[in-house]
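Quick mapping for you: the protein sequence lines, in order, are chains A and B. So that you can map any letter, position 88 of the first sequence is 88 in the working numbering, and since no number is skipped, the others follow by simple counting. So the working numbering is basically just the index in the second sequence, starting at one, shifted up by 258.
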Amino acid sequence: MAKRIDVTDLNVYYGAFKAVEGVTMTIEPRSVTAFIGPSGCGKSTFLRTLNRMHEVIAGGRVEGKVMLDDQDLYAPRMDPVAVRRTVGMVFQRPNPFPTMSIYDNVAAGLRLNGVKNKKTLDGIVESSLQGANLWAEVKDRLNKPGAGLSGGQQQRLCIARAIAVQPQVLLMDEPCSALDPISTLAIEDLVGELKNEFTIVIVTHNMQQAARVSDRTAFFNLRATGEPGRLVEIADTTKIFNNPSEQATEDYISGRFG
Amino acid sequence: MSTLTREGRAAGESRAQPRSGDRLSDQHDQQPPDEGATPPGGRPDDAALEEMGNPHHGRAVKDAAARVVMWGAFGAVIVPLVWILYTVVSHGVNLLLSSTWWTNNQRNINSGDTGGGARHAIEGTLMMAGVTAVIAVPIGILTAVYLVEYGRGPLARAISFTVDILSGIPSIVAALFVYAVWVTTFGIERSGFAAALSLVLLMIPVIVRSTEAMLLLVPNELREAAYALGVPKWVTVVKVVLRTAFSGIVTGVLLGLARIMGETAPLLILAPYTKNFQRDLLHGNFPTLPMMINQDRGDIGFATAAERMWGAALTLILLVLLLNVIGRVIARAGSAKT
Ligand SMILES: Nc1ncnc2c1ncn2[C@@H]1O[C@H](COP(=O)(O)OP(=O)(O)OP(=O)(O)O)[C@@H](O)[C@H]1O
Ligand SMILES: [Mg+2]
C-alpha cells in the first residue's frame, strides 16, 4: 500500500517561468518526508508534480522523471487521472464539497468514479473516518453538511476523503496552516499513524512540526526572487536539524535567514 | 454633532491617561480615537489623534451623503414598482376572481362582451416558454461550461464576443431573422414554434452570462479537490462544479424565462393571436398573454376590453412570480448545505 518515489532532474515551469530546477530525490515508502524552505521556493509547485496536479494550472509543465516504484508518472501513455488516484492530496485550506454531507464527502472519490454499492461505501466511509480520527466525532451526524464542521474537523474530513480512494501516497501542502494548535496536534498524530500505510509528503513552514512528524526532511531554497527554486539537501530529519551538510540549511533552521 | 465633541476631547486627551468611564460615549464610533493611535515612530499622540479626527469627520459626511443617495435610489426603484403593481392589481383583480378566467378561452367573446377567460393564453405562454427553455437552457449552460471550464484562445473569445452581440440584439430583430429564415427562405408557416425560436435567440445570452457568473463563483479549490481524488475533468464539471453552482444557475434560467415570457415583438411577427385554445405549436395562430393584452389594448374603448387587458397583465405578472417562487424552492433544495 505504499510506494517509493524517485525523482530525477526535475524542472517545473509555469509558461516560460522556471519555478523549480534540477530536483533529484528519493522519497521512502511508509515514512513521512517534510519539505521546508522559504516562501516562493517552489515547495507546492514541486509537490504538485508528484501527482501531476500542476497540469491543472495553465502553462504548468515539467521536464525530468518521476518514478513511482517502477511506473514512470510522465510516460506518454500514463493517464494523469490514474496518477491522482494513486497519489492523493490534501490542501492548505480545508475544502470539503459544500453541497455534500459528511458521508457524501468521504464517499465522493469513490462515487464520482462509479462505485455504487452501499455496503462497500458504508464500510469505506467508516474506515476512512476512523483512519482520519474523525469517526467518533461525526458518527452520529454523517448526513449533516461537511461544511458545518470546525476547520480542524474539516481538514480531517478532507484527509478521510483522500484516503478513501486508497492511494499509495498522500501529499499534504501545509495541512495545518489554517488550524489552531489543538487541531494541528490532532493532524500531526494522524500523520504519525498514516505513515504505517502510506508514503507521506508534507509541506510545512513550521520547523517544529517538521521535526516532530517527519522521518526525512528536504530543504528547498532559491537564490533570489525570479530565480528557480532548488533542492538544497534532503536527509534524515535529525541530521537536517542537528547537523546539516549545507550552510544555507543551517542558517534557515536557526532562523538567521528567510 | 457628536463628532465635534469627540474630536475636542480626543485632542486634549493623552493616551497615557487611564481609560475612564467617559469612554462609554465613544462606543458607537467604529474606531475610538484612543485606540491604535500611537504611531509606530512614537510621535506625540495629540498630533496623531488630530490627524485621525479629520478624515473621520470627512468619512461621517461621506457616510451621510451615501446614505441619502442610497435611500433615494431605493425610492426611485420602489415607488414606480409599487405604483405599477397597484395599478395592475386594482384594475385587473376582479376578472381573476371570476369563475371562468382560469378555465375558459375568449372564443365568441367580442370586445364589448364580458365573460370568457384567459386559459388559452396562459397555456400558450407556458407552452411557448417551456419549448424555448428546453432548447435554450441546454445550449446556454453548455456554452457557459465551455467558456469557463474548457475554452481558451481565439475560439472561446469569438464565442464570448458572439454572446455579447446576441445579448444586444433587439427582440424585433431576432424575430425578423427567424421570419426571414423560417418563413421567407424555407416557406414554413408562422407558428408558436417559430416565435419560440426567436425567443431562444433572446434567452441564450441571458443563460450563458448568468451561468458563467455562477461557474466563476465556484472556488477553484473544489475542482482541485475533485481532481486530486482522481476524478476526470468532465465528471468534476458535472458533479461538482455544476452541482455547486446549481441554485445560481436555476435563478439565471428563471430570470431568462421572465425576460422572454413578456416579450411581445416576436409574437406580433411570428405568432398571431387567436382567441381559441391552440395546443399545436407548429401550425396556425397561437394565443399568448402578451398578445391577449395587445389585442384588448386595441379595443380599449370598451370598458370590458380594458378590464381584460389589465386582467391578462396581472396574470402574466403572477405567472412570472410563480415561476420565481418555484425556482427559489428548487434552488433552496439543491443549494450548498451549511
Ligand atoms: N499558478 C502559478 N502561475 C505562475 N507562477 C506560479 C504559480 N504558482 C506559483 N507560481 C510561482 O512559482 C514559484 C514557486 O511557488 P510555490 O507556490 O511553489 O512556492 P512555495 O514554496 O509553495 O511557497 P509558500 O511557502 O509560500 O507556499 C513562485 O515564484 C510563484 O510565484
Ligand atoms: Mg505553497
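The beta-carbon is built from N, C-alpha and C at its ideal position, and this holds for glycine as well.
Tell me which residues share the same chain as residue i and place their Cβ nearer than 6 Å to its Cβ, disregarding the 5 neighbours each side in the sequence.
i	result
I527/B	A433 and Y437
R84/A	N51
Q153/A	none
Can you tell which of the options has the C-alpha that lies nearest to the C-alpha of residue i?
i	options	result
N143/A	E137/A, S101/A, A108/A and G114/A	S101/A
G388/B	V578/B, A591/B, G592/B and R586/B	V578/B
L10/A	T26/A, Y252/A, T225/A and G64/A	G64/A
V421/B	I507/B, M385/B and V464/B	V464/B
T494/B	E479/B, G506/B and G330/B	E479/B
G398/B	N552/B, A322/B, V466/B and W492/B	V466/B
S214/A	V203/A, V232/A and D6/A	V203/A
A210/A	R230/A, V66/A and K239/A	K239/A
K533/B	T522/B, V583/B and A376/B	A376/B
E482/B	G330/B, L475/B and K491/B	K491/B
R212/A	R93/A, N105/A, G88/A and D236/A	D236/A
L157/A	A186/A, P181/A, S245/A and Q208/A	A186/A
P548/B	T372/B, M519/B and A324/B	M519/B
V346/B	L487/B, L576/B, I507/B and N362/B	L576/B
G350/B	L574/B, R586/B, A589/B and L581/B	L574/B
A34/A	F241/A, E246/A, A248/A and Q247/A	F241/A
F504/B	F535/B, E447/B and V587/B	V587/B
P96/A	L73/A, C41/A and I159/A	I159/A
Residues in the same chain with beta-carbon distance under 7 Å from residue i, minus the five sequence neighbours each way, listed in chain order, please.
i	result
G299/B	Bear in mind that the predicted position of G299/B carries a pLDDT of just 49, short of 50, making it unreliable; the figure below should be weighed with that in mind. Cβ within range, chain order: n/a, list empty.
R161/A	N105, V106, A108 and G109
G15/A	G59
Excluding five sequence neighbours on each side, which residues of the same chain lie with their C-beta closer than 8 Å to the C-beta of residue i?
i	result
E55/A	R61 and P80
I417/B	T401, Y404, L405 and G409
R517/B	L460, M461 and V464
D180/A	G151 and G152
With a threshold of 9 Å between beta carbons, is residue i in contact with chain B?
i	result
N113/A	yes
M78/A	no
A19/A	no
R161/A	yes
R141/A	no
R267/A	In the structure as shown, chain A begins at 1 and stops at 258. Residue 267/A is therefore absent and cannot be evaluated.
A108/A	yes
M53/A	yes
T45/A	no
N117/A	no
M172/A	no
A58/A	yes
V66/A	no
If we ignore side chains and look at the alpha-carbon of each, how far apart do residue i and residue j end up?
i	j	result
P545/B	A453/B	11 Å
P297/B	A218/A	Only weak support is given to the placement of P297/B: the predicted model assigns it a pLDDT of 48, under 50, and the value that follows is read from those uncertain coordinates. P297/B and A218/A: Cα-Cα distance of roughly 42 Å.
L47/A	T199/A	13 Å
D222/A	S254/A	The sequence shown places Leu at residue 222/A, not Asp. Computed Cα separation, rounded: 17 Å.
L262/B	V327/B	Residue placement at L262/B cannot be trusted, given a pLDDT of 40 that sits under 50; what the coordinates show is reported in the next sentence. Spanning the two alpha carbons is a distance of roughly 24 Å.
S183/A	L134/A	11 Å
T562/B	A391/B	34 Å
L190/A	A132/A	6 Å
K319/A	V511/B	Examination of residue 319/A is not possible in this model, given that chain A is present from 1 through 258 alone.
E565/B	D554/B	9 Å
A295/B	V319/B	Here A295/B scores only 46 on pLDDT, less than 50, and its place in the model should not be relied on; the value that follows carries that caveat. Cα to Cα, the separation comes out at about 22 Å.
I430/B	R590/B	36 Å
D373/B	L455/B	Note on identity: in this sequence residue 373/B is Gly, with Asp being the wrong assignment. Distance between the alpha carbons of G373/B and L455/B is about 33 Å.
P477/B	L513/B	24 Å
T358/B	A570/B	13 Å
M89/A	L171/A	5 Å
V115/A	V335/B	52 Å
V458/B	A164/A	45 Å
Hey, does residue i have any beta-carbon neighbour from chain A nearer than 9 Å?
i	result
G374/B	no
E521/B	no
T494/B	yes
R481/B	yes
L343/B	no
L473/B	no
A486/B	yes
R537/B	no
Residues bridged to residue i by DSSP?
i	result
S101/A	P145/A
T33/A	V201/A and R216/A
T26/A	D6/A
N221/A	R230/A
Y13/A	K18/A and R61/A
A235/A	T217/A
L171/A	M89/A and V201/A
Exercise. For the region 490-514 of chain B, which residues have a beta carbon sitting closer than 7 Å to at least one beta carbon of chain C?
Worked result: Absent from the structure: chain C. Protein chains present are A and B.
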